[in-house]
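Colleague: The structure is given below, and queries will be raised subsequently.
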Amino acid sequence: MSLQIISIILGSLTIASALMVVLSKHPIRSVIFLVVTFFFISSLYILMNAQFLAIVNIIVYAGAIMVLFLFVLMLLNLNKTSEPESTMLVKLSSLIAAGGLFLVLIAALKDSIQLSKTYTLKNEAIGTVESLGNLLFSKYVVPFEVSSILFIAAMVGAVLLAKREKQIID
Amino acid sequence: MGQDILLLTLIALPLVGFILTGFLGKYISKRFTVTIATLAVFSSFICALLLFNMNVKTQIVHLFNVVNFEDFKLSANFQLDALSIWMTLIITGVGTLIHVFSIGYMSHDEGIYKFFAYLNLFIFSMLLLVLGSNYFILFFGWEGVGICSYLLIGFHYSDIEKGIENSVAARKAFIMNRIGDFGLLFALFMLLNTFGTLEYAGIAAKINELKLSGLALPLVAISAITICLFIAATGKSAQIPLFTWLPDAMAGPTPVSALIHAATMVTAGIYLIVRSNFLFELAPFTKDIILYIGLATSLIAAFIAMRQSDIKKVLAYSTVSQLGLMFVALGMGAYTVALFHVTTHAFFKALLFLGSGSVIHAMSDEQDIRKMGGLAKKIPITHLTFLIGTLAISGFPFLSGFYSKDEILAHALMESPVLYGTLMIAVTLTAIYMFRLYFLVFHGKFRGGNELESHIHESGISMTFPLIVLAILSVFGGLLNLPGIFLQNQAHWFSHYLESTTAGLNEIDMHHLESNKAIILMVVASFIALGVMAWAYFNYAKKGKLAKEDNELKGWEKASNAKLYIDEAYNLLFVKPLELISKIIYTYFDILILRNGIFTIAGLIEKTGNITRKWQSGFLSSYLFWMLLSIVGLITYYVIKIQFWNY
Amino acid sequence: MTTEVNNIGTSLDFFVIVSIALFVIGAFGVLTRKNMIVLLMCIELMLNSVNLLLVTFSKYHGAADAQIFVFFIVVVAAAEATVGLSILIMAYRNRKSIDIELFNKLKD
Numbered sequence: 018m019s020l021q022i023i024s025i026i027l028g029s030l031t032i033a034s035a036l037m038v039v040l041s042k043h044p045i046r047s048v049i050f051l052v053v054t055f056f057f058i059s060s061l062y063i064l065m066n067a068q069f070l071a072i073v074n075i076i077v078y079a080g081a082i083m084v085l086f087l088f089v090l091m092l093l094n095l096n097k098t099s100e101p102e103s104t105m106l107v108k109l110s111s112l113i114a115a116g117g118l119f120l121v122l123i124a125a126l127k128d129s130i131q132l133s134k135t136y137t138l139k140n141e142a143i144g145t146v147e148s149l150g151n152l153l154f155s156k157y158v159v160p161f162e163v164s165s166i167l168f169i170a171a172m173v174g175a176v177l178l179a180k181r182e183k184q185i186i187d
Numbered sequence: 087m088g089q090d091i092l093l094l095t096l097i098a099l100p101l102v103g104f105i106l107t108g109f110l111g112k113y114i115s116k117r118f119t120v121t122i123a124t125l126a127v128f129s130s131f132i133c134a135l136l137l138f139n140m141n142v143k144t145q146i147v148h149l150f151n152v153v154n155f156e157d158f159k160l161s162a163n164f165q166l167d168a169l170s171i172w173m174t175l176i177i178t179g180v181g182t183l184i185h186v187f188s189i190g191y192m193s194h195d196e197g198i199y200k201f202f203a204y205l206n207l208f209i210f211s212m213l214l215l216v217l218g219s220n221y222f223i224l225f226f227g228w229e230g231v232g233i234c235s236y237l238l239i240g241f242h243y244s245d246i247e248k249g250i251e252n253s254v255a256a257r258k259a260f261i262m263n264r265i266g267d268f269g270l271l272f273a274l275f276m277l278l279n280t281f282g283t284l285e286y287a288g289i290a291a292k293i294n295e296l297k298l299s300g301l302a303l304p305l306v307a308i309s310a311i312t313i314c315l316f317i318a319a320t321g322k323s324a325q326i327p328l329f330t331w332l333p334d335a336m337a338g339p340t341p342v343s344a345l346i347h348a349a350t351m352v353t354a355g356i357y358l359i360v361r362s363n364f365l366f367e368l369a370p371f372t373k374d375i376i377l378y379i380g381l382a383t384s385l386i387a388a389f390i391a392m393r394q395s396d397i398k399k400v401l402a403y404s405t406v407s408q409l410g411l412m413f414v415a416l417g418m419g420a421y422t423v424a425l426f427h428v429t430t431h432a433f434f435k436a437l438l439f440l441g442s443g444s445v446i447h448a449m450s451d452e453q454d455i456r457k458m459g460g461l462a463k464k465i466p467i468t469h470l471t472f473l474i475g476t477l478a479i480s481g482f483p484f485l486s487g488f489y490s491k492d493e494i495l496a497h498a499l500m501e502s503p504v505l506y507g508t509l510m511i512a513v514t515l516t517a518i519y520m521f522r523l524y525f526l527v528f529h530g531k532f533r534g535g536n537e538l539e540s541h542i543h544e545s546g547i548s549m550t551f552p553l554i555v556l557a558i559l560s561v562f563g564g565l566l567n568l569p570g571i572f573l574q575n576q577a578h579w580f581s582h583y584l585e586s587t588t589a590g591l592n593e594i595d596m597h598h599l600e601s602n603k604a605i606i607l608m609v610v611a612s613f614i615a616l617g618v619m620a621w622a623y624f625n626y627a628k629k630g631k632l633a634k635e636d637n638e639l640k641g642w643e644k645a646s647n648a649k650l651y652i653d654e655a656y657n658l659l660f661v662k663p664l665e666l667i668s669k670i671i672y673t674y675f676d677i678l679i680l681r682n683g684i685f686t687i688a689g690l691i692e693k694t695g696n697i698t699r700k701w702q703s704g705f706l707s708s709y710l711f712w713m714l715l716s717i718v719g720l721i722t723y724y725v726i727k728i729q730f731w732n733y
Numbered sequence: 018m019t020t021e022v023n024n025i026g027t028s029l030d031f032f033v034i035v036s037i038a039l040f041v042i043g044a045f046g047v048l049t050r051k052n053m054i055v056l057l058m059c060i061e062l063m064l065n066s067v068n069l070l071l072v073t074f075s076k077y078h079g080a081a082d083a084q085i086f087v088f089f090i091v092v093v094a095a096a097e098a099t100v101g102l103s104i105l106i107m108a109y110r111n112r113k114s115i116d117i118e119l120f121n122k123l124k125d
């Protein structure tokens, strides 16, 4: 029972912080709220016993990617809130669109969602490092290796794109 | 034997001449072009002479099948019989002479190769017309001569002063011919419907079959067919009501007038009716119509010719009048007599036209007879031949026109004295206007001024040679069909010649006038001709009575000069209403409905494009918004589908 | 070691709804915000919502394949964020602004 209450509380907090990401005026505050959101999502993962992923989420997402975002924000000094706001029309129409999407998706699940159902779980040990590692290095070893190539490509691309053009100063 | 090859060569030669002169004429020398064209027609004439000498029985030469179904065949067949050979002789013979004349007449014209190409094409079409063995080929030739007539009348379409006039005249000729052609087409359809075939022999055979077996003949259909054929004939042969194109067609060069409008094309109508004699014999009502229309045309045209002041227009109305005479003969059932007059008319009318061409050439292209006079001594050969032609057409004793007109008058007297009297009026009028023309042009004082007088010269040999040949023919042409009082055995050779081989003609009962009546007739006709000649000599040559300008004429002379206002009447009755209807349709239907409709559709497309163009704004958020909306729509669709229809 | 009934009591369906909500919020942010960096962050949010969904489904099926998939999604998201930020830096150098409405050259 208490687990259920905990999951509901954590879920609502996730949604609340996500909302703050979108709605806050300062870009730095958006970044901080996004980090908080990631922490909450990791907590949800732990609730579902996906331990490895929870940690990976924190380390990679909150630790690396968000730091990258912060770097860019700081380095280019984009903290000003002088960004013009979208017009009311844009806000209204996106609200309608997004709200519509939410309704439709929920409606799609109308008959299959029962909020009070509990499940018999077959195997509790999914999500541990061993089980994931087994799968990763046996069945999915090729994508694993290919992802390293992906990283190389991304690194090369990033360096090439962001390099400052050589100024002829002499 | 060689006859079919001769026949095909005969037809093919002018076609080859047309192709060669038409396509190569621009690049090869004038002399060469002209020779090719004339030789082509002359060779056809030689072939026709050979065929004539062989004295063949009726024969059909089959070339190929144009349409070949089970129950419906249209074939390109050519027929060799007396009628077609005779017409071929006239066409190619007079055609050759006119080609020779044109060498001299058109020698200074730029487009001379075109002229000869068109002339050859015309001869080819006319040969198709007379040599076909079914109405289908006749129709081909009919249309072909119509087109060539248009091309040749409007030959000088780019002339600075008269270019538009020429084109308008050509168009008028073509349109009036088309109205007649509609009659011919209709007749063709009805013939196919009634008899199932278009071959002359086939139709005659079917009629014989019906007569022999005693079944009823489709007389109503035949009457309708004959009326439509006659409508076609009025278009081509310039009878009432479709005759106003012929005087306007004088806008073309003189050899064209000689060939087409005197000797050959206008006789196509006569040929058509003679060919279909077995049909016309079964439709006495149509024959009456032909007779009266021919009579009326003859009188009206002769009346109009009395006060025309253009030398070619007088001859044009004379042609219409003579054609009227031929139609009167046809209306009486005297087919061979009509053809005899066709032959003699071809001779003297071509002679008269070519002579007038020579006169015009001598007068440096002046055509008004009020400016001529006293040309007799200056252009002697032209003068002599023109005199012979005038005498022939007026019925001067023992010339060709005398015999042919006499035959017609004899048959008229046999029909009814009233008819004879009316015809005599027409004949007298003919004599009057022809002698008026002759005396005004060649006698008296020259009225054209000194400038023109100094340029008067006799034409070259190429122009005078055909004149001489035609004059000889005009004099001796009457020997073809001498009446019985002159020769006992060989009389009416022409009639017998035609009757021997032409389908249907041998069945028509042709009785001739008794000897004493015939002599009286001839004496009367001669007196009238000589009397008119004397009167005209006194009036025009001695006294020189002549109206100077058109608006000085009064009364009947004014009506005659103004062509009895028939052209104006046609304009009011037909042309103006058509133009009005056309204008109404143009403004309301064309502009209002079609043009606006199309513009609206185009405008709609443009507006839609303008609207959808704004969608590509380049703003990412708008793109994403529409994507999201579409996804929402898609998912909604699937949800509803599954919810309500359970897959 | 299988237990018969596990009373963790958590209904997994709740997490599905949370995931949907996160996705929708991310979509709303992408449509509304004009700051390019915030835009990229909302895209990351959407990716994470998908991750959550996948983990939920892996719990449903009792198979860990979906979690491997989440792993790879994280990998790709990292690469994509890197490259996206470098493009953003270049764009900032060109236009001196990160307002997305100024980059409308896709129009033609």
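Protein chains in written order, with the working numbering: chain Y, 18 to 187; chain G, 87 to 733; chain W, 18 to 125. Note that beta-carbon positions come from the ideal geometry of N, C-alpha and C, so glycine has one too. Bear in mind the structure is a predicted one, so any value in this text is a computation, not a measurement.
#1: Say whether chain G places a C-beta atom closer than 8 Å to the C-beta of Y/Ser110.
#2: Strictly by DSSP, which residues pair up with G/Glu537?
#3: Smallest Cα separation from Y/Ser164: which of W/Val33, W/Val93 and W/Lys113?
#4: Can you name the start and end residues of the alpha helix (DSSP H) that G/Leu64 belongs to?
#5: Give the interface partners of W/Ala44 over in chain G, defined as CB-CB distance under 7 Å, in chain order.
#6: Looking only at its own chain, which residues have a Cβ that is under 7 Å from the Cβ of G/Lys464, when we skip the five neighbours before and after it?
#7: Hey, W/Gln126 and Y/Leu70 are a contact pair by Cβ (cut 8 Å); roughly how many whole angstroms apart?
#8: Which of the three DSSP states is assigned to G/Gly460 in this structure?
#9: So, with DSSP's three-state summary, where would you put G/His543?
#10: First and last residue of the beta strand (DSSP E) that includes Y/Phe88?
#11: Report back the beta-carbon spacing between G/Ala517 and G/Val414 to the nearest angstrom; my notes put them in contact at under 8 Å.
#12: If I measure Cβ to Cβ from G/Gln574 and keep anything under 7 Å in the same chain, skipping five residues before and after, which residues do I get?
#13: Report yes or no: is there a C-beta of chain W within less than 8 Å of the C-beta of Y/Asn65?
#14: Taking the beta carbon of G/His469 as the centre, do at least 16 other beta carbons fall within 10 Å, making it buried, or is it exposed?
#15: Can you name the residues of chain G whose CB is closer than 7 Å to the CB of Y/Ala124?
#16: Just to confirm my understanding: we take G/His242, look at its own chain, exclude 5 residues before and 5 after, and list those with CB closer than 6 Å. What are they?
#17: What's the call for G/Met458, buried or exposed, on a 16-neighbour Cβ count within 10 Å?
#18: Suppose contacts are defined by Cβ-Cβ distances below 8 Å. Is G/Ile122 in contact with G/Leu135 by that definition?
#19: Kindly list, in the order they appear in chain W, the residues whose Cβ is closer than 7 Å to that of G/Gly695.
#20: Using a Cβ-Cβ cut-off of 8 Å (strictly less than) and excluding sequence neighbours within five positions of G/Asn163, which residues of its own chain qualify?
#21: Return the CA-CA distance between G/Ile91 and G/Leu99, expressed in angstroms with no decimal places.
#22: The alpha helix (DSSP H) with G/Phe164 in it runs from where to where?
#23: Is there at least one Cβ from chain W nearer than 8 Å to G/Gly719's Cβ?
#24: What residues in the segment 40-67 of chain W bring their beta carbon closer than 9 Å to a beta carbon of chain G?
#25: Using only alpha-carbon positions, find the residue among G/Phe705, G/His427, G/Ile233 and G/Ser395 that is nearest to G/Ile455.
#26: Quick check on G/Leu301: does DSSP put it in helix, strand or coil?
#27: Going by DSSP, which residues form a beta bridge with G/Gln453?
#28: How many Å lie between G/Leu377 and G/Ala498 at the Cα?
#29: Count Cβ pairs between the segment 42-60 of chain W and the segment 33-47 of chain Y that sit closer than 8 Å; are there 3 or more?
#30: With 8 Å as the threshold, decide whether the Cβ of G/Phe711 is near any Cβ in chain Y.
#31: In chain Y, what lies closer than 9 Å to W/Lys124 by C-beta?
#32: Can you check DSSP and say which residues form a bridge with G/Asp396?
#33: Assign Y/Ile76 to one of two classes, buried (16 or more other C-beta atoms within 10 Å of its C-beta) or exposed (fewer than that).
#34: For the putative contact between G/Ala436 and G/Val180, defined by C-beta atoms under 8 Å, what is the C-beta separation to the nearest angstrom?
#35: Shorter than 8 Å from the beta carbon of W/Phe120 to some beta carbon of chain Y?
#36: Helix, strand or coil for G/His194? Go by DSSP, reduced to three states.
Modeller: Working from what's here:
#1: As a first step, residue 110 of chain Y is located in the first sequence; it is residue number 93 there, counting from the start. Yes, contact with chain G.
#2: Numbered from 1 along the second sequence, position 451 holds the residue referred to as residue 537 of chain G. Per DSSP, none; premise fails for G/Glu537.
#3: As a first step, residue 164 of chain Y is located in the first sequence; it is residue number 147 there, counting from the start. Considering only alpha carbons, the answer is W/Val93.
#4: This structure cannot speak to residue 64 of chain G, because chain G is shown only from 87 to 733.
#5: Start at 1 with the first residue of the third sequence, and residue 44 of chain W comes out as number 27. Correct list: Leu714.
#6: For the purposes of this step, residue 464 of chain G is identified with residue 378 of the second sequence, where counting begins at 1. Result list for G/Lys464: Ile542, in chain order.
#7: The structure shown does not extend to residue 126 of chain W, since chain W is modelled only from 18 to 125, so the question has no answer here.
#8: Position 374 of the second sequence, counted from the start, is the residue given in the question as residue 460 of chain G. Secondary structure at G/Gly460: coil, using DSSP grouped into helix, strand and coil.
#9: Here residue 543 of chain G is taken as the residue at index 457 of the second sequence, counted from 1. In this structure, DSSP gives G/His543 a state outside helix and strand, which the three-state scheme calls coil.
#10: Walking along the first sequence from the start, residue 88 of chain Y turns up at place 71. Run containing Y/Phe88: none in the beta strand (DSSP E); it sits in the alpha helix (DSSP H), Met83 to Leu92.
#11: Taking the second sequence and counting its residues from 1, the one referred to as residue 517 of chain G is at position 431. Taking the second sequence and counting its residues from 1, the one referred to as residue 414 of chain G is at position 328. 17 Å between Cβ atoms; not a contact.
#12: The residue labelled residue 574 of chain G in the question sits at position 488 within the second sequence. Low local confidence applies: a pLDDT of 49 at G/Gln574 is under 50, so the model's placement there is unreliable, and no value is given.
#13: Here the question's residue 65 of chain Y lines up with position 48 in the first sequence. One detail in the question is off: residue 65 of chain Y reads as Met in this sequence, not Asn. With 8 Å as the cut-off, Y/Met65 counts as an interface residue toward chain W.
#14: Start at 1 with the first residue of the second sequence, and residue 469 of chain G comes out as number 383. Under this definition G/His469 is a buried residue.
#15: Here residue 124 of chain Y refers to the residue found at position 107 of the first sequence. The answer, in chain order, is Val725.
#16: Position 156 of the second sequence, counting from 1, holds the residue named residue 242 of chain G. So the list reads Asn252, once near-sequence residues are dropped.
#17: Taking the first residue of the second sequence as 1, we reach residue 458 of chain G at position 372. Label assigned to G/Met458: buried.
#18: Position 36 of the second sequence, counted from the start, is the residue given in the question as residue 122 of chain G. Position 49 of the second sequence, counted from the start, is the residue given in the question as residue 135 of chain G. No. Outside cutoff.
#19: Mapped onto the second sequence, residue 695 of chain G falls at position 609. Simply none; closest approach about 15 Å.
#20: What you label residue 163 of chain G is simply residue 77 of the second sequence in a count that begins at 1. Once the five neighbours on either side are set aside, the close Cβ partners of G/Asn163 are Ile146, Val147, His148, Leu149, Gly218, Ser219, Asn220, Ile223 and Glu285.
#21: Residue numbering aside, residue 91 of chain G sits at position 5 when the second sequence is read from its first letter. Residue numbering aside, residue 99 of chain G sits at position 13 when the second sequence is read from its first letter. Rounded to whole angstroms, G/Ile91 to G/Leu99 spans 12 Å at the Cα level.
#22: The sequence position of residue 164 of chain G within the second sequence is 78, counting from 1. Here G/Phe164 belongs to no alpha helix (DSSP H); instead the beta strand (DSSP E) covers Lys159 to Leu166.
#23: Sequence index remark: in the second sequence, residue 719 of chain G carries index 633 (1-based). G/Gly719 does not count as touching chain W.
#24: Ala44, Val47, Leu48, Thr49, Arg50, Lys51 and Leu56
#25: For the purposes of this step, residue 455 of chain G is identified with residue 369 of the second sequence, where counting begins at 1. For G/Ile455, the nearest C-alpha among the options comes from G/Ser395.
#26: Within the second sequence, the letter at position 215 stands for residue 301 of chain G. DSSP places G/Leu301 in coil when its eight states are reduced to three.
#27: Along the second sequence, read from residue 1 onward, the residue named residue 453 of chain G stands at position 367. BP columns for G/Gln453 are empty, so no partner.
#28: Stepping through the second sequence from its first residue, residue 377 of chain G is reached at position 291. Stepping through the second sequence from its first residue, residue 498 of chain G is reached at position 412. If I take the Cα positions, the gap works out to 10 Å.
#29: A contact exists between the segment 42-60 of chain W and the segment 33-47 of chain Y.
#30: Here residue 711 of chain G refers to the residue found at position 625 of the second sequence. Output row for G/Phe711: interface = yes.
#31: For the purposes of this step, residue 124 of chain W is identified with residue 107 of the third sequence, where counting begins at 1. Correct list: empty, because the minimum Cβ distance to chain Y is about 17 Å.
#32: By one-based count along the second sequence, residue 396 of chain G stands at place 310. Its beta-bridge partners are G/Asp454.
#33: In the first sequence, counting from the first residue as 1, residue 76 of chain Y sits at position 59. Around the CB of Y/Ile76, fewer than 16 other CB atoms lie within 10 Å, so the residue is classed as exposed.
#34: On the second sequence, residue 436 of chain G is found 350 positions in, with the first residue counted as 1. On the second sequence, residue 180 of chain G is found 94 positions in, with the first residue counted as 1. Sure, about 5 Å apart at Cβ, within 8 Å.
#35: Along the third sequence, one-based indexing puts residue 120 of chain W at 103. The C-beta of W/Phe120 comes no closer than 8 Å to any C-beta of chain Y.
#36: Residue 194 of chain G sits at position 108 when you count from the first residue of the second sequence. Residue state, collapsed to three classes: coil.
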